[in-house]
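Engineer:
Residue numbers (the UniProt record's numbering), protein chains in the order written: chain A, 1 to 509; chain B, 1 to 509.
1) Could you tell me the distance, in whole angstroms, from the CA atom of residue 274 of chain A to the CA atom of residue 72 of chain A?
2) Taking 8 Å as the threshold, find out whether the region 121-137 of chain B comes into contact with the region 103-112 of chain B through three or more Cβ pairs.
3) Within this structure, are the beta carbons of residue 431 of chain B and residue 203 of chain B separated by less than 8 Å?
4) Anyone know if the C-beta pair for residue 440 of chain A and residue 500 of chain A falls short of 8 Å?
5) Less than 8 Å between CB atoms is the rule here; does residue 362 of chain A satisfy it with respect to chain B?
6) Please confirm whether residue 50 of chain B and residue 209 of chain B have their CB atoms less than 8 Å apart.
7) Count the other C-beta atoms from every protein chain shown that fall within 10 angstroms of the C-beta of residue 414 of chain A, then say buried if there are 16 or more, exposed otherwise.
8) Helix, strand or coil for residue 45 of chain A, going by three-state DSSP, please let me know.
9) Roughly how many angstroms lie between the CA atoms of residue 477 of chain A and residue 367 of chain B, to the nearest whole one?
10) Indicate the three-state DSSP secondary structure (helix, strand or coil) for residue 266 of chain A in the structure shown.
11) By the three-class DSSP mapping on this structure, what secondary structure does residue 247 of chain A have?
12) Please tell me whether residue 142 of chain B and residue 357 of chain B are closer than 8 Å, where the distance is taken between their beta carbons.
13) If we define contact as Cβ-Cβ less than 8 Å, is residue 326 of chain A a contact residue for chain B?
14) Would residue 490 of chain A pass as a contact of residue 408 of chain A if the rule is Cβ separation under 8 Å?
15) Would you mind telling me which residues of chain A sit closer than 8 Å to residue 335 of chain B, beta carbon to beta carbon, in chain order?
16) Rounded to whole angstroms, what is the Cα-Cα separation between residue 60 of chain B and residue 460 of chain B?
17) Can you look up residue 196 of chain B in the DSSP assignment and give me helix, strand or coil?
18) For residue 494 of chain B, count the other beta carbons within 10 Å of its own beta carbon; 16 or more makes it buried, fewer makes it exposed. Which is it?
19) So is residue 402 of chain B buried or exposed if we call it buried at 16+ other beta carbons inside 10 Å?
20) Which bits of chain A does residue 100 of chain B rub up against, with CB to CB less than 8 Å?
21) Quick check on residue 168 of chain A - is its C-beta less than 8 Å from some C-beta in chain B?
22) Apart from the five residues just before and just after residue 116 of chain B, which ones in its own chain have a Cβ nearer than 7 Å to its Cβ?
23) For residue 378 of chain A, report the span of its alpha helix (DSSP H) as first-last.
24) Tell me whether the region 127-141 of chain B and the region 169-183 of chain A touch, counting them as touching only if at least three CB pairs, one residue from each stretch, are closer than 8 Å.
25) Would residue 492 of chain B pass as an interface residue toward chain A - the criterion being a Cβ-Cβ separation below 8 Å?
26) What's the call for residue 400 of chain B, buried or exposed, on a 16-neighbour Cβ count within 10 Å?
27) Measure from the alpha carbon of residue 272 of chain A to the alpha carbon of each residue in A:244, A:306, A:62 and A:149, then state which is nearest.
28) Which value, in whole angstroms, describes the spacing of the CA atoms of residue 207 of chain A and residue 333 of chain A?
29) With distances taken from CA atoms, which of B:235, B:218 and B:216 is nearest residue 225 of chain B?
30) Of all the residues that make up the region 188-213 of chain B, which are near chain D by a beta-carbon distance shorter than 7 Å?
31) Please report whether the beta-carbon of residue 274 of chain A lies at a distance below 8 Å from any beta-carbon of chain B.
32) Using the beta-carbon of each residue, which ones in chain A are nearer than 8 Å to residue 481 of chain B?
33) Can you pull the chain B residues whose beta carbon is under 7 Å from the beta carbon of residue 132 of chain A, in chain order?
34) Check whether the region 144-151 of chain A touches the region 174-185 of chain A, counting contact only when three or more Cβ pairs, one atom from each stretch, lie closer than 8 Å.
35) So, is the C-beta of residue 42 of chain B closer than 8 Å to a C-beta in chain A?
36) Going by Cα to Cα distance, which pick from A:484, A:57, A:239 and A:214 is closest to residue 456 of chain A?
Here it is in structure tokens:
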């Protein structure tokens, strides 16, 4: 189990480099000048990028799956991938109505087919009429199809109790990640002490650290309070900000609510405090709200930053600059593969808007099937429509199962010695803390929770992501696990992790 | 007709800025500190980005379309958008087989439907089996679905007469643009005189200049030879390269073949010379081959850079680093909205490959419907399959119509005084040269061919892109027009441009 990637970065990188360079030159006699593009001559920012959700553990999991296919004997028969929020891969079925409309849009001849309900056909016709040549194969406007942006604005108004939303402030995107990176790209500038600093929570979703490394921005960590259900604490925000002002120019505050990987749901009060803080400190707010339908815990409720911002009055709603992000990949639909999403911008400078539209136009447009899917998410079947009953049944089934699994996960983990787990108030993940025996921590050159997860994968076939991939307080160790496996399978997973934790603790005590 | 965006950039930008700042502060009382994100405080590289294909002319065209809808009286009843290679928007019908399979993948219940041919069902089943949970709503591997990468490799081998292609060298992407920007991102580094320089043709497809501005790379222009059918001339490459070596570090050579916007198809000899040049000068080759099925002219033929590279022997095929790009958006399918594409990398350093996979994993995966569509493009119906006849009929109809329109366009333009037009050997565009009267050129503060195209749009409802958006030799003027409108409509367009050209010349003589 001395898999190379368990060794800390730089050392491995060096020897790996030497080895491959030698072997490669042997293999195909590269000219004495060597290659144009090598690890030494490539973009250094890209080298700094890390993305644990699809890191070494997952690569190893894929390899094990292949070995199993080829008949290798293992202590398990399948690898359970609880590393990524990929609902359909975990067996969740697509929402029938959504897929009917997408089929109609893909192959409009089906509009003559009596098997499809009228409301599905009506949605498909409306989308097709908004497409060039009535085909989802045409480019759309770079900002997204206009009638879909109007539907998104209506959805937001309804969600936020009537607070107006302007379709001109809606930008459709290739999943939420695309929009998040685009806004960060607009914001990052300056050199040295003037370099843009961006505040992100620790633990964080590694898209943020990856994008900041890529853009060469300064990452400013603020720590969530594990002892208080991973809540966000303004004092900690102040500490992080004033420390950062010593060496960079903090301009952006990123919030993920409900939290990924930590599953907390922010109180209205907390959101109000964050907004006040952003205004006082002159920060651009980025609100990652892709889990807005994923709230499970008693007494918890999703409050959008937009709604709270406007309820705080014009002093805030006319000045605080904000972008909020949503996606088709999470919530009850879990349609990750379509890469659909949108952002709403508030108080964005009109000239910057023009720059934003210019920037997105270079990539022509977000995938049109993803735009169509997003339109259905924000404009689902209504009570008077034929598909309503089935849609609600399917939607409720997914969300109540998730709520059940969230409770189950917290309960069982907290019975395991050496594992402590906050309630999964929302989103799709649990981020329990694991107590590792000193002998395991001391293992020379190994990242302790990476070592733990790699052992778990090899021994039980369960694929998790080490806490180190999301960031955690020095000396603490965690892992992220999705709550997406079907309930019965999840129970098995939790049981296996329990046994592994006991075994692991014993082995290294 | 003194539309503001006709005024040269910087001046307009300044006054526009002052105006909006004032009005905005009036509107919503921005705090005295002003906004966090303004034109002055945003990423300067983004400001340098330009993308004429969706620039001011197109924005004006969209506005005119709205005015027509609202019943405005114009000298025309519709706007004909010949500015962008968007086949479906111009009325081209999707390939039936492709859309049948996509419908089956979107709504697998249709697999039971006898209306769908067996080969379509078989393709859909194979794709679904390769998806997590058998759903195109699951994330795929970041590099793309494995069996699709295998099909792409087989397609390339067949295309290149058996020269081997390795699926591990295939990376699926969100259209070709995504892959092009990703490779450039890996390559760009260094500061000052060490900054990476990238050679691009002039005229160019503005994705390249936009990506280089965004990445802060140095753009190195080499001019295509308009007097010789826009052919690429090695002497000109040498000139551009040695000039650039004075102030940057040239590392990359970008080629578009068949050419966009210029429509030339490179001879095998020319490709060989380019490859030899790249090896001698130690340049990374980027071959944009998205129009590989779009070759019309007698005696012209598409040669892939990969094939020529390998035919030149191991001295080249083992050393020259290259990436080649393809897309679902062009050729006979024209499925732009799905954002499907792939790149094949040759001789890429194994460590850089690992970095590339890490980088693409941050965006999770390319849109899965686009991946599915790409699979059909590289693995279309075979002679023994039920859908073959219809597929070939549809494919041939599109390609022969394009060939006919390519001839027609050249013919007619060359009868117009003041317009000279090279043969459209391939791709989807013509880039004719226009002779403008001195009075029009002298119009204070106006970009002459932008002025010409804006007038054409306002008077005839025809939307073209000014040559200045692609780059052209100082003192020459052009426009890019797609040959995509249906033949009858194209004839009308050509006739209208003819009349406009005569009128315009008279008015300013």
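We treat Cβ as the ideally placed atom computed from N, Cα and C, and that holds for glycine.
A quick note: this is a predicted structure, and the numbers were derived from the prediction, not measured.
Structural biologist: Put simply:
1) Position 274 of the first chain holds residue 274 of chain A. Position 72 of the first chain holds residue 72 of chain A. Looking at the two C-alpha atoms, the distance is approximately 53 Å.
2) yes
3) Within the second chain, residue 431 of chain B is the residue found at index 431, counting from 1. Within the second chain, residue 203 of chain B is the residue found at index 203, counting from 1. Contact: yes.
4) As a working mapping, residue 440 of chain A is identified with position 440 in the first chain. As a working mapping, residue 500 of chain A is identified with position 500 in the first chain. No, they are not a contact pair.
5) In the first chain, the residue the question calls residue 362 of chain A occupies position 362. Closer than 8 Å to some Cβ of chain B, the Cβ of residue 362 of chain A qualifies, so yes.
6) Residue numbering aside, residue 50 of chain B sits at position 50 when the second chain is read from its first letter. Residue numbering aside, residue 209 of chain B sits at position 209 when the second chain is read from its first letter. Cβ distance < 8 Å, so residue 50 of chain B and residue 209 of chain B count as in contact.
7) By 1-based counting over the first chain, the position of residue 414 of chain A is 414. Residue 414 of chain A comes out exposed.
8) Numbered from its first residue, the first chain carries residue 45 of chain A at position 45. In the structure shown, residue 45 of chain A sits in a helix (DSSP, three-state: H, G or I).
9) If you number the first chain from 1, residue 477 of chain A lands on position 477. If you number the second chain from 1, residue 367 of chain B lands on position 367. Approximately 34 Å, taken between the alpha carbons.
10) Along the first chain, read from residue 1 onward, the residue named residue 266 of chain A stands at position 266. Note: residue 266 of chain A maps to coil in three-state DSSP.
11) Locating residue 247 of chain A in the first chain gives position 247, where the first residue counts as 1. If DSSP states are grouped into helix, strand and coil, residue 247 of chain A belongs with coil.
12) The residue given as residue 142 of chain B occupies position 142 in the second chain. The residue given as residue 357 of chain B occupies position 357 in the second chain. A contact, by the Cβ cut-off of 8 Å.
13) Within the first chain, residue 326 of chain A is the residue found at index 326, counting from 1. Chain B, which has no Cβ nearer than 8 Å to the Cβ of residue 326 of chain A, makes this no.
14) Here residue 490 of chain A refers to the residue found at position 490 of the first chain. Here residue 408 of chain A refers to the residue found at position 408 of the first chain. In this structure, residue 408 of chain A lies closer than 8 Å to residue 490 of chain A by Cβ.
15) Residue mapping note: residue 335 of chain B aligns to position 335 of the second chain, counting from 1. Result: 137.
16) As a first step, residue 60 of chain B is located in the second chain; it is residue number 60 there, counting from the start. As a first step, residue 460 of chain B is located in the second chain; it is residue number 460 there, counting from the start. Whole-angstrom Cα-Cα distance: 13 Å.
17) Working through the second chain from its first residue, we reach residue 196 of chain B at position 196. In the structure shown, residue 196 of chain B sits in a strand (DSSP, three-state: E or B).
18) Walking along the second chain from the start, residue 494 of chain B turns up at place 494. Result: buried.
19) Mapped onto the second chain, residue 402 of chain B falls at position 402. The residue is buried, with at least 16 neighbouring Cβ atoms inside 10 Å.
20) Residue numbering aside, residue 100 of chain B sits at position 100 when the second chain is read from its first letter. In chain order: 107.
21) Position 168 of the first chain, counted from the start, is the residue given in the question as residue 168 of chain A. With 8 Å as the cut-off, residue 168 of chain A does not count as an interface residue toward chain B.
22) Taking the first residue of the second chain as 1, we reach residue 116 of chain B at position 116. Same-chain partners within the cutoff: 100, 104 and 110.
23) Indexing the first chain from 1 puts residue 378 of chain A at position 378. Its alpha helix (DSSP H) spans residues 368-378.
24) no
25) Position 492 of the second chain holds residue 492 of chain B. So no, residue 492 of chain B is outside the interface.
26) On the second chain, position 400 is the one that residue 400 of chain B refers to. Its Cβ having fewer than 16 others within 10 Å, residue 400 of chain B is exposed.
27) Taking the first chain and counting its residues from 1, the one referred to as residue 272 of chain A is at position 272. For the residues A:244, A:306, A:62 and A:149, the minimum Cα distance to residue 272 of chain A belongs to A:306.
28) For the purposes of this step, residue 207 of chain A is taken as the residue at position 207 of the first chain. For the purposes of this step, residue 333 of chain A is taken as the residue at position 333 of the first chain. Distance between the alpha carbons of residue 207 of chain A and residue 333 of chain A: 21 Å.
29) Locating residue 225 of chain B in the second chain gives position 225, where the first residue counts as 1. It is B:235 whose Cα lies nearest to the Cα of residue 225 of chain B.
30) In the structure shown, chain D cannot be found, because the protein chains are A and B.
31) Counting from one through the first chain, the residue named residue 274 of chain A turns up at place 274. Not one chain B Cβ lies under 8 Å of residue 274 of chain A.
32) Indexing the second chain from 1 puts residue 481 of chain B at position 481. Those do not exist, as residue 481 of chain B stays about 17 Å from chain A at its closest Cβ, beyond 8 Å.
33) Residue mapping note: residue 132 of chain A aligns to position 132 of the first chain, counting from 1. 86, 88 and 89, listed in chain order.
34) no
35) Here the question's residue 42 of chain B lines up with position 42 in the second chain. Yes, residue 42 of chain B lies at the interface with chain A (some Cβ there is under 8 Å from its Cβ).
36) Counted from its first residue, the first chain places residue 456 of chain A at position 456. Nearest option by C-alpha distance: A:57.
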